[in-house]
Amino acid sequence: MSKHEPITATVERVIPASPQTLYDIVTDVARIDEMSPECRGAEWVGKSQGPEVGARFKGNNELGKSKWSTKPTVTAAERGKVFEFKVPMGFGPTWRYEFHEVEGGTRVVESMRQDKPSPWFIRRAQRKAGVTDRAANLTAGMETTLSNLERLAVS
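When we follow the numbering used here, the leftmost residue of the sequence shown carries the number 5, and every step to the right adds one.
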């Protein structure tokens with residue numbers, strides 16, 4: 005894991021459900037712990053009650069013994085099309101979910117882009133949790149997230 009490089013990760017999966025159904029599950033931030041292996045819960049904060057540009061939510065995360073919270077801001081929200089949010093701090097990543105209707109369901113694309121490297125203390129916590137390649141770790145987590153999204157959507 006290079007300490008000086010940006011991080012990007014993208015996964016996609018065709019899920020036999022409508023784009024609107026999948027969008028509604030993804031944007032129900034209180035359900036994030038049912039999908040993500042790293043996010044342990046979330047809730048809308050302030051006057052925000054749901055996905056709209058400018059809305060914020062508090063997300064609680066865990067990796068190994070490290071726990072932290074962030075308050076991302078929604079930067080794109082179009083039901084059945086796209087949901088995107090930016091994690092604060094100068095190095096915070098942007099997470100994006102795209103929903104493309106295809107034969108047999110919806111192609112969901114989950115991506116993460118972090119243009120600036122994480123600070124040393126975050127890289128250290130990742131190494132302590134056994135993560136030596138954060139992009140590979142995120143990709144595996146995103147695969148799990150989309151698998152769980154499919155399970156929730158078709159059950």
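For each residue, glycine too, the CB sits at the ideal point set by N, CA and C.
Status (buried if at least 16 other CB within 10 Å, exposed otherwise) for residue i
i    : result
S6   : Note on S6: pLDDT 43, under 50, position unreliable in the model; the coordinate value appears next. The residue is exposed, with fewer than 16 neighbouring Cβ atoms inside 10 Å.
V106 : exposed
G58  : exposed
G145 : buried
V49  : exposed
G109 : buried
Contact check, residue i vs residue j, beta carbons under 9 Å
i    : j   : result
K132 : K71 : no
T149 : S73 : no
R117 : P10 : yes
E3   : V15 : Residue 3 falls outside the range modelled here, since the chain spans only 5 to 159, and no answer is possible.
P55  : R83 : yes
Sequence-distant residues of its chain with Cβ nearer than 6 Å to residue i (five each side left out)
i    : result
A129 : S70
A139 : I11 and A13
R17  : V112 and L150
7 Å Cβ shell around residue i - same chain, five flanking residues per side excluded
i   : result
T25 : A157
E38 : N152 and L156
Sequence-distant residues of its chain with Cβ nearer than 8 Å to residue i (five each side left out)
i   : result
E47 : V33, A34, F61 and K62
Residue i in three-state terms, based on DSSP
i    : result
E107 : coil
K132 : helix
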